[in-house]
Amino acid sequence: MGKWKHRILFELQKNDVMRFNELKRAIPGITQKMLTAQLRELEHHDIVVRKVYAQIPPKVEYAMTEYGSSLHPLLAAMNDWGQKHAEHLKQLEEENSLKQTNA
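For the sequence shown, full-length UniProt numbering gives the first residue as 1, with consecutive numbering after it.
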């Protein structure tokens, strides 16, 4: 799926509609080139829709399609697991710290 797509989809799931720069700010470490490429792929697969407004400066918004919204349960499960995993890692770190202190 790609390193960044799940992050893009998670942000769109949380915010419904986002502009390009909002997505870029919400995803630390992603380059403009990579965000553009990933959004184009998601649009090509009918997971994300791109809406362009005819104005100056150009305004472009991204949102999940109805088909893309079927990923919501999967994205929520991945987020839940990620939070539990972060807690697990923190607990392991604390246990290792205690072991080193007692050794």
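No residue lacks a Cβ here, since even glycine has one placed at the ideal position from N, Cα and C.
Quick caveat, the model's predicted, so the values are computed rather than measured.
ALA63 is a Cβ neighbour of LEU12, given a cutoff of 8 Å. In this structure TRP4 is buried. Its beta-carbon is surrounded by 16 or more other beta-carbon atoms within 10 angstroms.
DSSP lists no bridge partner for ALA54. C-alpha of GLU61 to C-alpha of VAL52: approximately 7 Å in a straight line. Collapsing the DSSP output to three states places LYS59 in a strand. Between LEU39 and ARG50, the gap from beta carbon to beta carbon is short of 8 Å. A straight-line Cα-Cα distance of about 19 Å links GLY2 and PRO73. The residues ILE8, GLU11, LEU35 and TYR62, in chain order, have a CB closer than 7 Å to that of LEU23 in the same chain once the five nearest residues on each side in sequence are set aside.
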